[in-house]
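Here the structure comes first, spelled out in structure tokens, and everything after it is commentary.
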Amino acid sequence: MTDIPLATAEAAVAGTDTGRRAAPYLPMPRTAARAATLAGAVISIASTFMSWTYTTDFPGDLTVSGYPGGLQIMTLIAAILTGVVALGAFGTPGLRWLNPSRSPNSVLLLALATLGTTWYTVIDIAAKLGGFANLDPGGFVAFIGALVLFAGALGLPIDRRPQEPAGAEYYELGRFEKYAAVVRTYVWLREARLHHSDLRVADARKLNPWLQRLVIVVVYALGLKILTFGLATDYSDIFIGYLIVVAVGFWGLGASGLLKQFQQLTHRNRRFSATVGVIAAIAYPFVQNNEHWANLGVSVLIVGTVALGLNIVVGLTGLLDLGYVAFLGVGAYAAALVSGSQFSIWSGVQFPFWAAAITGMVAACVFGVLIGAPTLRLRGDYLAIVTLGFGEIFRIVVRNLDGVSGPKITNGPNGIAQIPDLSVFGYNLGDNHSMGSFTLGRFANYYLLMLLITVIVVLVFTRAADSRIGRSWIAIREDETAATAMGINGFRVKLVAFALGASLAGLAGTVFAHVTNSVVPDPYQFSGPVPPNSAFLLAAVVLGGMGTVSGPILGAALLYVIPEKLDFLSKYELFAFGLALVLIMRFRPEGIIPNRRRQLEFHEDEELAPGNRPMGDDTVPAATAGA
Amino acid sequence: MTTTIPQQPTPASAGPKQALLEASGVIMRFGGLTAVRDVSLTVNGGEIVGLIGPNGAGKTTFFNCLTGLYVPTEGTVSYRGTVLPPKPHLVTQAGIARTFQNIRLFANMTVLENVLVGRHTRTREGLFSAIVRGPGFHRAERASRERAMELLEFTGLAAKADHLARNLPYGEQRKLEIARALASEPGLLLLDEPTAGMNPQETRATEELVFAIRDQGIAVLVIEHDMRFIFNLCDRVAVLVQGEKLVEGSSEVVQNDERVIAAYLGEPFEGTPQSAPEAAPADAPESAPAGAPDDDEAPENDEQQENDK
Numbered sequence: 001m002t003d004i005p006l007a008t009a010e011a012a013v014a015g016t017d018t019g020r021r022a023a024p025y026l027p028m029p030r031t032a033a034r035a036a037t038l039a040g041a042v043i044s045i046a047s048t049f050m051s052w053t054y055t056t057d058f059p060g061d062l063t064v065s066g067y068p069g070g071l072q073i074m075t076l077i078a079a080i081l082t083g084v085v086a087l088g089a090f091g092t093p094g095l096r097w098l099n100p101s102r103s104p105n106s107v108l109l110l111a112l113a114t115l116g117t118t119w120y121t122v123i124d125i126a127a128k129l130g131g132f133a134n135l136d137p138g139g140f141v142a143f144i145g146a147l148v149l150f151a152g153a154l155g156l157p158i159d160r161r162p163q164e165p166a167g168a169e170y171y172e173l174g175r176f177e178k179y180a181a182v183v184r185t186y187v188w189l190r191e192a193r194l195h196h197s198d199l200r201v202a203d204a205r206k207l208n209p210w211l212q213r214l215v216i217v218v219v220y221a222l223g224l225k226i227l228t229f230g231l232a233t234d235y236s237d238i239f240i241g242y243l244i245v246v247a248v249g250f251w252g253l254g255a256s257g258l259l260k261q262f263q264q265l266t267h268r269n270r271r272f273s274a275t276v277g278v279i280a281a282i283a284y285p286f287v288q289n290n291e292h293w294a295n296l297g298v299s300v301l302i303v304g305t306v307a308l309g310l311n312i313v314v315g316l317t318g319l320l321d322l323g324y325v326a327f328l329g330v331g332a333y334a335a336a337l338v339s340g341s342q343f344s345i346w347s348g349v350q351f352p353f354w355a356a357a358i359t360g361m362v363a364a365c366v367f368g369v370l371i372g373a374p375t376l377r378l379r380g381d382y383l384a385i386v387t388l389g390f391g392e393i394f395r396i397v398v399r400n401l402d403g404v405s406g407p408k409i410t411n412g413p414n415g416i417a418q419i420p421d422l423s424v425f426g427y428n429l430g431d432n433h434s435m436g437s438f439t440l441g442r443f444a445n446y447y448l449l450m451l452l453i454t455v456i457v458v459l460v461f462t463r464a465a466d467s468r469i470g471r472s473w474i475a476i477r478e479d480e481t482a483a484t485a486m487g488i489n490g491f492r493v494k495l496v497a498f499a500l501g502a503s504l505a506g507l508a509g510t511v512f513a514h515v516t517n518s519v520v521p522d523p524y525q526f527s528g529p530v531p532p533n534s535a536f537l538l539a540a541v542v543l544g545g546m547g548t549v550s551g552p553i554l555g556a557a558l559l560y561v562i563p564e565k566l567d568f569l570s571k572y573e574l575f576a577f578g579l580a581l582v583l584i585m586r587f588r589p590e591g592i593i594p595n596r597r598r599q600l601e602f603h604e605d606e607e608l609a610p611g612n613r614p615m616g617d618d619t620v621p622a623a624t625a626g627a
Numbered sequence: 001m002t003t004t005i006p007q008q009p010t011p012a013s014a015g016p017k018q019a020l021l022e023a024s025g026v027i028m029r030f031g032g033l034t035a036v037r038d039v040s041l042t043v044n045g046g047e048i049v050g051l052i053g054p055n056g057a058g059k060t061t062f063f064n065c066l067t068g069l070y071v072p073t074e075g076t077v078s079y080r081g082t083v084l085p086p087k088p089h090l091v092t093q094a095g096i097a098r099t100f101q102n103i104r105l106f107a108n109m110t111v112l113e114n115v116l117v118g119r120h121t122r123t124r125e126g127l128f129s130a131i132v133r134g135p136g137f138h139r140a141e142r143a144s145r146e147r148a149m150e151l152l153e154f155t156g157l158a159a160k161a162d163h164l165a166r167n168l169p170y171g172e173q174r175k176l177e178i179a180r181a182l183a184s185e186p187g188l189l190l191l192d193e194p195t196a197g198m199n200p201q202e203t204r205a206t207e208e209l210v211f212a213i214r215d216q217g218i219a220v221l222v223i224e225h226d227m228r229f230i231f232n233l234c235d236r237v238a239v240l241v242q243g244e245k246l247v248e249g250s251s252e253v254v255q256n257d258e259r260v261i262a263a264y265l266g267e268p269f270e271g272t273p274q275s276a277p278e279a280a281p282a283d284a285p286e287s288a289p290a291g292a293p294d295d296d297e298a299p300e301n302d303e304q305q306e307n308d309k
């Protein structure tokens, strides 16, 4: 009668065939496969100490023997990781903890990371310098080593989907079902899928509590190191190698179960890990003592914070807002007007930062209520269209308030320039400040200020999400009719979400105005090549994971940093965005960092295997949306 | 299942014979279609009233008029003497809770969170208090959770408090809907086909649950196609046919009413041999809907969804 019994019936059917089989992709004796894997790892490691090319023309100096540099470091790290995880998978005493699930899948994925980065390097050298003749023997050794490693890993008993039943019919292929070759390929692909998400791992929460905290600190420090290393890469070639290793490597570590164990630890020591995370974030401008990267950091924090505000509206309440960046603009313009800039119509007025921040928040909140009150009676697509319209109206109005087309408030397209730097408790954020051996430049100061605001927004988000009002937001997202029948005043609750999201964007906007020194109408559009636009923010939320705290921040960071580092991408940036979103929606609809709830929603058939209930379901209450 | 409902101070508990809900002259038209035609119905305190009728008779539409999901074209609905505004959240606030014919849980929230959402009208904590998290917030949150757990124990779902609602089996989803409705501390509970799709044991359990709710002093108005369930349960039964109330009265009166039988089985042929005039009416209402108990009132659902937009 309804879809619910059907859904349970489907789950029951799906639950019956969630077996797993362990079979190699390349049939070879087990010892041979293990030997090839380890030998490949050793060869790859050794190759990085050799010279890969004759000339220093290739980015990063790969000509030095005995000292890995540039992309060789990527191969070195990936190969070492593959080697030790492989030893763990083979049960070597003392290294087993590196592969808690004992699945060779992690070895295969890490080998893939090694192969990817090594071959990318070798081919890139050949392409950039004109032919394989430019390779030194070391390059060939690396090429072969990575291949041997990957071939060996393919020979390991990989955990994957069970064999398709004989004579099964594949209606989803439609008219292609006639062609035997297509069906064979399809079956092969289905059988080739890795299957390790439900492998059991030892419970990390049984460790000594102090050891748990030590592990958290070490992992966060490593994370900071990895992050700063990636940001400090000078060439897009090296950054691509880095991306391959990090992305595939994380996938591999997920297969090994290490990430699951780390999640258990952070979940157990939630407050402690949050504190360590903040400390790591504070440490960033000190570790990366360079104004350019501090600038990148503050930009990422701003777009991340705004994306988090959008997440309240889109992720929690389920209102698709396509004009959200307007609220950032309102906050920025409000702050600029009271900043004391000589281009402001109130050039004599200079508010202290706290007052400017409140002004920006209140202005954005008022604007949010004004836009929300008439539009929030609409549902779904209608709301999306109307918010899109209002977002564009904001930009056009601001362009026209120049004294010619309308009253002179915003100086039209010229914007408000020369916004003076902030001063907080006599600490001028525009100056360099020396702290011991570190120098905090202008952007580092703003980074720290923005970090404070991000922490506030994260607190507001988590606390609001786990409360009466947050539950009513989620209820409205799930089923608005049922929610109103439970006594929730849908309009009011939605308006609160809309206004809160707008205020948080306005707060971020006040800092944004000061960081960029000037505000102009152009960035506040629906979509464009410069980051703070509505499409970018929405993409950050969807890519990172709707309804989570870390998702939108991570999504914003990726979307901001990757185009920044890959300069050749600049022409195709929007295309790449679209492609990334389509791929994410197809293969990981819950986003990079899944909300526990949404993960259950999308992967029910995999997770509901009898006896394999996911930990989010019945062992830990999914109380906070951002857990 | 426990049959002791947790004691809860009901606001101004109505006397047993005092009229709780009074719908008078409710008319609901959708364009040219009159779905509900001048229906009046009274539910007294402590009473279980049944509402039956063939598919498409307008039962769910009438329910939607009572709970404010539809604005009746004409007529008024009053609760404890005050006329209800046609807004669902104000109706719930006043003390009328409902369940839905096609289960409408918050599928991706946990069982406990579903019940906590039901507590919405009985708690006051707003956004500011959620962000500041003063002692009052923690106290209210703890009280809400305790009350929600009591209700889950009452409905036998306490062990599954942390499961996602969508992962519950069908019968338990129905129970959870009732628990969620009870969380708003209603004086009157409206159940829309609570046993649809249930097996006899589950139906029996639901019957006990409804009695236990009644014993708590909560009046119940229930739509159902299962005649045995209705006639076991209800003090009074009203029959809707084609939007009009045909008859209202005790089980016997309704069971023996020829118009009801005609509505379910059709008019007898002219000259049909009247072989067993006594046996037929007794069985008729029971067997008629049993043939297609799951065949829901499709046109009504469509209307409802249209209206939701």
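Protein sequence lines, in the order shown, are assigned to chains D and V. Here full-length UniProt numbering is used: the first residue of the first sequence is 1, the next is one more, and so on. Here full-length UniProt numbering is used: the first residue of the second sequence is 1, the next is one more, and so on. For glycine and all other residues, C-beta sits at the position ideal for the given N, C-alpha and C.
Q | Euclidean distance between Cα positions of D:R160 and D:L199 | A | A straight line joining the alpha-carbon of D:R160 with that of D:L199 spans about 11 Å.
Q: Could you tell me whether the Cβ atoms of D:V542 and D:L581 are closer together than 9 Å?
A: Yes, the pair counts as a contact, with Cβ atoms nearer than the cut-off.
Q. In chain V, which residues lie less than 7 Å from D:E478 when you measure between Cβ atoms?
A. Residues of chain V with a Cβ closer than 7 Å to the Cβ of D:E478 are, in chain order, F106, A107, N108 and M109.
Q) Between the Cα of D:S503 and the Cα atoms of D:A335, D:L135 and D:N489, which residue gives the shortest distance? A) If we check each option's Cα against that of D:S503, D:A335 comes out closest.
Q. When you check each C-beta in the region 488-499 of chain D against every C-beta of chain V, which residues fall closer than 8 Å?
A. When CB distances to chain V are screened at a threshold of 8 Å, the residues of the region 488-499 of chain D falling below it are I488, N489, G490 and V496, in chain order.
Q: Quick one: give me the first and last residue of the alpha helix (DSSP H) that V:E244 is part of.
A: Looking at the DSSP string, V:E244 is not in any alpha helix (DSSP H); the run it does join, the beta strand (DSSP E), is E244 to G249.
Q) Nearest-angstrom Cα distance between D:V369 and D:V325? A) C-alpha separation (whole angstroms): 15 Å.
Q. Anyone know if the C-beta pair for D:D234 and D:G430 falls short of 9 Å?
A. No.
Q) Whose C-alpha, out of D:P420, D:G412 and D:F250, is nearest the C-alpha of D:S339? A) Here the closest residue by C-alpha is D:P420.
Q | Cβ of V:V117 within 9 Å of any chain D Cβ | A | V:V117 counts as touching chain D.
Q. For the beta strand (DSSP E) that contains V:G44, what are its first and last residues?
A. With the sequence shown as reference, residue 44 of chain V is identified as Asn, and Gly is not the correct amino acid for it. L33 to N44 is the span of the beta strand (DSSP E), which, as asked, contains V:N44.
Q. Going along chain A in order, which residues have a C-beta closer than 9 Å to the C-beta of V:E125?
A. This model lacks chain A altogether, as its protein chains are D and V.
Q: Report the three-state DSSP secondary structure of D:T118 (helix, strand or coil).
A: Three-state result, D:T118: helix.
Q. Of all the CB atoms in chain V, is at least one closer than 9 Å to the CB of D:A113?
A. Answer no: the Cβ-Cβ gap between D:A113 and chain V never drops below 9 Å.
Q | Per-residue burial, D:Y220 [other beta carbons within 10 Å of its own, 16 or more giving buried] | A | So D:Y220 ends up on the buried side.
Q) Is there a Cβ from chain D that is less than 9 Å from the Cβ of V:K87? A) At least one CB atom of chain D sits nearer than 9 Å to the CB of V:K87.
Q: Compare the C-alpha of V:D192 against each of V:R124, V:E74, V:V247 and V:D226 and name the closest.
A: With respect to the C-alpha of V:D192, the residue from V:R124, V:E74, V:V247 and V:D226 having the closest C-alpha is V:D226.
Q: Work out the CA separation of D:F390 and D:L112 for me, nearest whole Å.
A: D:F390 has its alpha-carbon roughly 47 Å from the corresponding atom of D:L112.
Q) On the three-state DSSP scale, how would you describe D:T55? A) D:T55 falls in the coil class under three-state DSSP.
Q | Opening and closing residue of the alpha helix (DSSP H) in which V:E146 lies | A | For V:E146, the enclosing alpha helix (DSSP H) starts and ends at P135 to T155.
(Q) If I follow the unbroken beta strand (DSSP E) through D:M74, where does it start and stop? (A) Careful: D:M74 lies outside any beta strand (DSSP E), inside the alpha helix (DSSP H) at L71 to A89.
Q. Ordered along the chain, which non-local residues of its own chain (more than five positions away) have a Cβ less than 7 Å from that of D:F262?
A. Contacts found: V219.
**Q.** Spatially closest choice to V:E150 from V:L168, V:A165, V:I48 and V:L182, by CA coordinates
**A.** Out of V:L168, V:A165, V:I48 and V:L182, V:L182 has the C-alpha closest to the C-alpha of V:E150.
**Q.** Cβ contact (3+ pairs, closer than 8 Å) linking the region 18-35 of chain D and the region 156-175 of chain D
**A.** Verdict: yes, contact present.
Q: Answer with yes or no whether the minimum CB distance from D:R463 to chain V is below 9 Å.
A: For D:R463, the closest Cβ of chain V is nearer than 9 Å.
Q. Taking the C-alpha atoms as reference points, what is the distance between V:R37 and V:A19?
A. Their backbone Cα atoms lie some 22 Å apart in a straight line.
Q) How is the beta strand (DSSP E) around D:S472 delimited, first residue to last? A) In the DSSP annotation of this structure, D:S472 is not part of any beta strand (DSSP E); the continuous alpha helix (DSSP H) holding it starts and ends at R468 to E478.
**Q.** Near-chain D residues of the region 120-151 of chain V - C-beta to any C-beta below 9 Å
**A.** Within the region 120-151 of chain V, the residues whose Cβ lies closer than 9 Å to some Cβ of chain D are H120, T121, R122, T123, R124, E125, G126, L127, S129, A130, I131, V132, R133, F137, A140, E141 and S144, listed in chain order.
Q) Hey, D:I80 and D:I45 are a contact pair by Cβ (cut 8 Å); roughly how many whole angstroms apart? A) The beta carbons of D:I80 and D:I45 sit about 6 Å from each other, so the pair counts as a contact at 8 Å.
**Q.** D:Y91, buried or exposed, once every other Cβ within 10 Å from all chains shown has been counted against 16
**A.** Reading off the sequence shown, one finds Gly at residue 91 of chain D, where the question assumed Tyr. Around the beta carbon of D:G91, fewer than 16 other beta carbons lie within 10 angstroms, which makes this residue exposed.
Q.
Buried or exposed for D:H292, going by 16 or more other Cβ atoms inside 10 Å?
A. By the neighbour-count rule (16 or more Cβ atoms within 10 Å), D:H292 is not buried but exposed.
Q: Kindly indicate which residue of V:V91, V:V132 and V:R147 has the alpha-carbon position closest to the one of V:N114.
A: Closest by alpha carbon: V:R147.
Q: Quick one: give me the first and last residue of the alpha helix (DSSP H) that V:V241 is part of.
A: Where V:V241 is concerned, there is no enclosing alpha helix (DSSP H), although the beta strand (DSSP E) it sits in stretches over R236 to V241.
Q) Can the beta-carbon of D:W52 be found closer than 9 Å to that of D:L108? A) Not in contact: D:W52 and D:L108 (Cβ atoms no closer than 9 Å).
Q: Could you have a look at D:Y235 and say whether DSSP puts it in helix, strand or coil?
A: Correct three-state label for D:Y235: coil.
Q. In chain order, what residues of the same chain have a beta carbon less than 6 Å from the beta carbon of V:P281, not counting five sequence neighbours either side?
A. In this prediction, V:P281 scores a pLDDT of 47, lower than 50, which makes its location untrustworthy; no coordinate-derived value is stated.
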